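In our numbering, the protein residues as written are 89 to 1040. Built from N, CA and C at the ideal position, the CB exists for glycine as well. Given the structure is predicted, the values throughout are model-derived calculations rather than measurements. Notes to accompany the following structure.
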Amino acid sequence: MKPMTDVLREDSADYDWLLPAAMMEPHHLTHPAPWAGHIPFAAWLMAVARPDVLVELGAYSGISYLAFCQAIAAQQLPTRAYAVDTWEGDAHAGAYGEHIYTSLRQHHDPHYLRFSTLMRMRFDEALRSFADGSVDLLHIDGLHTYEAVRHDFESWLPKLSKRGVVLFHDSNVYRDDFGVHQLWAELKNRYPSLHFPHSNGLGVLLVGPEQPTLLRSLCNPAHTDLQNQVQAVLGALGARFECRAEMQALKHQLAGVEQQAQQLEAAGQQRHAWIEKQDGEIRTLELARQQWQSRAEQVQATLDEAGRHMQQQVQALEQDAARKQQRLEQQTARMRALELEGAQKQWQIEQQSQQMQAMARQLTPLWRVKDVLRSLKSALFRLKQKLAPYEPALVRKVRHALRRRIQRSQGVVPQTVPLLPGRNRRYGVLATAHTQFVAHGLAQVLRKAGFEVSVLQEVPPEGYVLDMYIVVCPQMFRQLPPGEKRIVFQMEQSVSPRWFTPEYLSILENSLSAWDYAPANLAFLEGKGVRYPHTFLVPIGGVADYSLALEASGEPALQPAEPVCDVLFYGDVNAPRRQEMLQELQRHFTVRIEGNLFGDALRQAVRQARVVVNIHYYEGALLETTRIYECLSLGTPVVTESSADIDVYQELVGSGAVCVAPVGDAQALVKAVEQLLQQITIAPAEVRQAVEQEVQRSAQQFEFMACRALYALGRIDTATWDALTQTQPLPGDCMVLSMPETHRRRAHFVQETLPGLARDVAVFDGVRHSPGWLGCAMSYHYLARKALQAGVPQIEVMEDDVEMPPDYALRRGKVDAWLQQHAGEWDIFAGLIAKIHPDTQVLDVQQRDGETFVVLDRMTSMVHNIYTQPALEALAQWDANIRDPHTNTIDTYLQTKAQMRVVTTLPFLVAHTTEMDSSLWGINNQEYLAVIYKAEQDLRQLVDRFLQSRAA
89 MKPMTDVLRE DSADYDWLLP AAMMEPHHLT HPAPWAGHIP FAAWLMAVAR
139 PDVLVELGAY SGISYLAFCQ AIAAQQLPTR AYAVDTWEGD AHAGAYGEHI
189 YTSLRQHHDP HYLRFSTLMR MRFDEALRSF ADGSVDLLHI DGLHTYEAVR
239 HDFESWLPKL SKRGVVLFHD SNVYRDDFGV HQLWAELKNR YPSLHFPHSN
289 GLGVLLVGPE QPTLLRSLCN PAHTDLQNQV QAVLGALGAR FECRAEMQAL
339 KHQLAGVEQQ AQQLEAAGQQ RHAWIEKQDG EIRTLELARQ QWQSRAEQVQ
389 ATLDEAGRHM QQQVQALEQD AARKQQRLEQ QTARMRALEL EGAQKQWQIE
439 QQSQQMQAMA RQLTPLWRVK DVLRSLKSAL FRLKQKLAPY EPALVRKVRH
489 ALRRRIQRSQ GVVPQTVPLL PGRNRRYGVL ATAHTQFVAH GLAQVLRKAG
539 FEVSVLQEVP PEGYVLDMYI VVCPQMFRQL PPGEKRIVFQ MEQSVSPRWF
589 TPEYLSILEN SLSAWDYAPA NLAFLEGKGV RYPHTFLVPI GGVADYSLAL
639 EASGEPALQP AEPVCDVLFY GDVNAPRRQE MLQELQRHFT VRIEGNLFGD
689 ALRQAVRQAR VVVNIHYYEG ALLETTRIYE CLSLGTPVVT ESSADIDVYQ
739 ELVGSGAVCV APVGDAQALV KAVEQLLQQI TIAPAEVRQA VEQEVQRSAQ
789 QFEFMACRAL YALGRIDTAT WDALTQTQPL PGDCMVLSMP ETHRRRAHFV
839 QETLPGLARD VAVFDGVRHS PGWLGCAMSY HYLARKALQA GVPQIEVMED
889 DVEMPPDYAL RRGKVDAWLQ QHAGEWDIFA GLIAKIHPDT QVLDVQQRDG
939 ETFVVLDRMT SMVHNIYTQP ALEALAQWDA NIRDPHTNTI DTYLQTKAQM
989 RVVTTLPFLV AHTTEMDSSL WGINNQEYLA VIYKAEQDLR QLVDRFLQSR
1039 AA
């Protein structure tokens, strides 16, 4: 292969064919390195062919597919790209773990989801997803045996368009059972073709008759000079990428070895320090042993002296005993005289006893009255105990109602958001009859975001012509919108896995994103391979102004209704447990049971009931929030069984709009219905207000989480996001930043970290965006704006992978006291700093209560910080339009604010848990240990120099 400089110096060369696209620098280089040699041709081919549809069979680590995607994005092509692979390996690639697919998703999803889809299936399974004549560019790079490659070519040939081009990789490999070269020898003379022999070979086959002039000319066998020139130039361009990929693999191996060496060195240092510590303890123990031995000798001497003294005392006691024996004999004589006197007294006592018994018989009625009073007192105490669980609930309900009324009087009316211009305006919400309430809630949010919305119950006859679809319960529809045009809303309960078939999981995986209403379901789906960042939690809530929402979707408005029954139950009544509980309810109340009621008829039935009961179909079911919030949105309170995930819905349970009974307890369910009916009779306005307030609260949460998902997917812009979340409240002044979709991290914080904090910490569902560092920064930007809007002087924000040392509570008290004493003299308190900037200056060092407080002029880390007004203003000024990760990640942005006064402690107050993975960079937190250790050592050096300078 000639060097690139030699090729370009040839005077006879004509390089009109060499487009700028061939000079593309790839962002992603990985194994297998040989494909890197064809990246210049791949970028050049995309610029020349401009395919509408590209399909790659066998993506593996993504070196070729991500190059195609990068070319599409760089050239702003209208191409839809699809990578088909099982990501399980084959006879040539070998079997490999899930990390290959996960790594590809981490490089792919943040940049290319807009036009690219990873289809995790076999090649033949993917055929039904493409119409005949629809594929313009097909790259075959799967199993390389002759039979497999020929099967792939022949089975996909009908899918190729009139502009179809097929690429065969490894066409120049002759080892083992590789058979691509054999098939290439058969095909290259049937169609116009070109072969690149370098980098294991790449065959280019023009199958379609309609090809660009430049491509036809290049594949004309008469133009051998042009072919030789193209092969030489593109081969030289690709050679450096192939070398770079190999070098990158070697560097990765070297970095692993160096990291192991550093870990071993650190472990050796720790062991040496431990040995020194043990030696010191041994010396201390030896000194203590000598001291104790000296004390023991002193004690022994004291004991000997005490023994002699005791001997003398024994002799004195024996003499005293003799004297006392003599006196005892004298007293015995006196006792005989007293016995006679005692007999006389005994008789007197017996007489008095008989008199007391007589008096007791006379007082018997009074004792009976006292017994009655004592029994009445016990009964009153037991009654008070029985009423205790209900009386605080009522008091609590009144208090919550008053607080919400005050908050409501201070609320801001949300601004109307204009419709978005251009494309991406027309949305369809496709839902079955039994999930129309969810569809109406989604439609309301989408309309507020400026979209035109159609609510559908079946596949439209004109096909899926709208810009985007949200499909509720997608498994209920035989035909779905294309994966790139659909968001699926998963509504099944993971406690019953019968719905979660491989086909259903494939639908979830191959959609633009998958939404779910329950954290327990997200945890289940993660175990099935459908995980963050593909999933979003969108918990069901109420629909405020439901009548208006119905009218906007073409449904009849709600009509006035009077109760005609005490209790309504609707749903499948075939479950024996439901039948048993309904029979018990029918013994006490007028119960209406509906098994197949939908639409306006169902809404009218709910409004004609005083109470709706929710009974699980399964014993261990999740809470049916869709049914509950539909009833509340229609103005009817609910009595429900508890659930396996009831702890997630504490705000709903404490709202006063819902009563909860233990699972499977029919008598408790009857009692709960009875109490709620009594409350409706005694205080109907109070119950109505509780229902309305819970609908407003949950609707606000549902809107926030739905908009959060749309924002993360790029369906709404930043201005729209800011307008839609303007009225959302600040969660609190002490918050943990956590994403509900990363359930292991959140569960670890809630179960392990939170109990040791001994303070109220609000969980904030972090803003998401692609790439992840943008979502992280947007979360801090959002919280800072909310704090300034609410007039909160300072907030504390920690991330859910923070770790609190055993002495955290003790040290935190000292930190709070110091910060309070120096109020106005600091802007940020950093519990941990991951990196010390080279320009960092120490402004002050103070010692107090055994703590070292260091004041710096900048910092880097967001694990656990306290922000005051200046820091909040700086965070609120962060610009989301700057997409440079080297300068605009939130910690880097704050680090550039050199005027910030940052306080930290030595050692750091908190740590970084090593049990979790980073949700931004996809690495284990273990890799941060060395970085944090170095930061602490660098800070100690700065502090030492500062103290030396101050002493001088």
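In the DSSP assignment, find the beta strand (DSSP E) that holds residue i and state where it starts and stops.
i	result
I558	M556 to V560
V933	V930 to R936
H227	V223 to I228
A850	A850 to D853
H952	H952 to Y955
V824	C822 to S826
V991	V990 to L994
I804	Neither: I804 is in no beta strand (DSSP E) and is coded neither H nor E.
E540	E540 to L544
W603	S601 to D604
L1017	Run containing L1017: none in the beta strand (DSSP E); it sits in the alpha helix (DSSP H), L1017 to A1039.
With respect to the alpha helix (DSSP H) encompassing residue i, which residues constitute its N-terminal and C-terminal limits?
i	result
Y842	A small fix is needed here, since residue 842 is Leu in this sequence, not Tyr. Taken as a continuous stretch (DSSP letters only), L842 belongs to no alpha helix (DSSP H), as it is neither H nor E.
R698	From DSSP, R698 is part of no alpha helix (DSSP H) but of the beta strand (DSSP E) over A697 to N702.
R900	Y896 to Q909
R1043	Since the first residue of the chain shown is 89 and the last is 1040, residue 1043 is not available in this structure.
A773	P772 to A800
I734	Premise fails: I734 is in no alpha helix (DSSP H) and is neither H nor E.
M866	G860 to A878
W244	Y234 to W244
A749	No alpha helix (DSSP H) contains A749, which is instead part of the beta strand (DSSP E) from V746 to A749.
Could you pull the DSSP bridge partners for residue i from this structure?
i	result
H528	H528 is not bridged to any residue.
R513	Note: R513 sits in no beta bridge, so no partner.
I921	Answer is none; I921 lacks a bridge partner.
E891	A999
V143	Y170 and L226
How should residue i be labelled, buried or exposed, when 16 other C-beta atoms within 10 angstroms of its C-beta is the threshold for buried?
i	result
A137	buried
A697	buried
K458	Only weak support exists for where K458 lies, its pLDDT of 42 falling under 50; the value from the coordinates is given anyway. Counting Cβ neighbours within 10 Å, K458 comes out exposed, since fewer than 16 surround it.
P648	exposed
N953	buried
N702	buried
V631	buried
I370	exposed
A1039	exposed
D937	exposed
P477	Summary for P477: the model assigns pLDDT 39, below 50, so the residue's position carries little reliability; its value from the coordinates is reported in the next sentence. Result: exposed.
A515	The sequence shown places Tyr at residue 515, not Ala. By the neighbour-count rule (16 or more Cβ atoms within 10 Å), Y515 is buried.
R278	exposed
L1035	exposed
W380	exposed
L342	exposed
Q1074	This structure does not reach residue 1074, given that the chain is present from 89 up to 1040, and the question cannot be answered.
S382	exposed
Measuring only between beta-carbons, confirm whether residue i sits less than 8 Å from chain B.
i	result
W966	As a matter of chain content, chain B is missing from the structure shown, which is built from one protein chain.
Please go through the stretch 615-692 and give each complete beta strand (DSSP E) segment of 3 or more residues, from N-terminal end onward. 623-625, 653-658 and 679-682
Does the structure place the stretch 653-672 close enough to the stretch 554-568 that three or more beta carbon pairs sit under 8 Å? no
Taking contact to mean 3 or more Cβ pairs, one atom from each stretch, closer than 8 Å, check whether the stretch 775-793 and the stretch 626-645 are in contact. yes
Determine, using beta-carbon pairs with one atom in the stretch 953-966 and one in the stretch 927-945, whether at least three such pairs fall under 8 Å. no
Please list the segments of the beta strand (DSSP E) lying wholly inside the stretch 273-306, counting only runs of 3 or more residues, in order along the chain. 281-284 and 290-294
Pairs of beta-carbons, one from the stretch 844-860 and one from the stretch 890-900, closer than 8 Å: are there three or more? yes
Can you confirm whether the stretch 847-865 touches the stretch 819-836 when touching is taken to mean that 3 or more C-beta pairs between the two stretches lie within less than 8 Å? yes
I'd like to know if the stretch 275-291 and the stretch 162-175 are in contact, where contact means that at least 3 CB-CB pairs between them fall below 8 Å. no
If we count Cβ pairs, one from each stretch, closer than 8 Å, do we get three or more for the stretch 808-815 versus the stretch 643-663? no
Uninterrupted beta strand (DSSP E) stretches inside the stretch 145-181 (no shorter than 3 residues): 168-173
Kindly confirm or deny that the stretch 310-323 and the stretch 112-120 touch, where touching means at least three C-beta pairs closer than 8 Å. no
Do the stretch 194-206 and the stretch 229-240 touch if we need at least three Cβ pairs shorter than 8 Å? no
How do the stretch 601-611 and the stretch 698-718 stand: do at least 3 beta-carbon pairs fall below 8 Å, yes or no? yes
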